[in-house]
Amino acid sequence: MSRSYLSLGSNLGNREENLTHAIRMLEDVEQIRVEKTSSIYQTEPVGYSNQPDFLNMVVRIDTELSPEQLLDETQKIESELGRVRALRFGPRTMDVDIILFENEKRKDEKLTIPHPRMWERAFVMIPLLEIFENTSNEVFECETVRLYSDIHSGSNRGKLSEKPENK
Ligand code: GSY
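With positions in the sequence shown counted from 1, the corresponding number in this note's numbering is that position plus 10.
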């Protein structure tokens with residue numbers, strides 16, 4: 011069983027419903043268990059600024075899938091939720107990125123883990139820290155990530171909702 015962290019983002023349609031839908035679709039995959047979810051944050055677009063604000067969150071999963079199989083599942087969720095890649099950094103109904111996968115370090119055409127831009131993205135680091143902060147055996151990761159987060163933190167519109175009670 012491997013532990014992985016996924017970043018979810020949406021800035022088209024009913025953004026909150028899109029996030030909820032994506033989590034449900036992750037839970038429907040037999041080899042994935044959603045263990046924790048962060049709060050939802052409303053964030054300024056990074057990259058291409060002339061687009062609506064995003065809603066972002068991070069989820070922690072346990073999975074029996076390999077990183078490649080997990081990537082296939084996240085891409086299926088993106089396309090089922092209607093993602094169309096019109097602009098590389100443009101608006102999208104759903105973006106699901108693999109941020110961390112156990113202690114995996116890899117860089118190939120298909121997949122780079124840890125996610126290469128996670129450190130400079132407050133919309134990833136802040137919800138990730140929120141999950142780490144509530145889990146004692148993740149203290150080491152928490153300190154490492156906090157360090158990077160302090161260095162790189164950018165603008166953030168702030169938390170939209172409290173995390174659900176049961177996660
Ligand atoms: O890489 C994820 C898609 N994305 C986002 C996002 O999820 N949130 C914010 N705030 N900006 C973004 N720019 C891109 S591209």
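Virtual Cβ for every residue (Gly too), placed ideally from N, Cα, C.
These numbers come from a predicted model, not from an experiment.
inquiry  = Assess contact between the region 49 to 64 and the region 112 to 126, defined as three or more Cβ pairs (one per stretch) separated by less than 8 angstroms. Is contact present?
reply    = no
inquiry  = Please tell me whether, using a cut-off of 6 angstroms, the distance from the CB of Pro-55 to the nearest non-hydrogen atom of the ligand GSY is below it.
reply    = yes
ask   = Using DSSP with H/G/I as helix, E/B as strand and the rest coil, what is Glu-37?
value = helix
request  = Please indicate yes or no: does the CB of Gly-23 lie closer than 6 angstroms to some heavy atom of the ligand ADP?
outcome  = You won't find the ligand ADP in this model; what it holds is the ligand GSY.
query = For chain B, is any of its Cβ atoms less than 7 angstroms away from the one on Gly-57?
reply = The question asks about chain B, but that chain is absent: this structure has only one protein chain.
key: Reduced DSSP secondary structure (H/G/I, E/B, other) of Asp-63   = coil
ask   = Can you give the Cα-Cα distance for Gln-41 and Arg-25, rounded to whole angstroms?
value = 26 angstroms
request  = Tell me whether Asn-113 counts as near the ligand GSY, meaning its Cβ is closer than 6 angstroms to at least one heavy atom of that ligand.
outcome  = no
Opening and closing residue of the alpha helix (DSSP H) in which Glu-140 lies = 132 to 143
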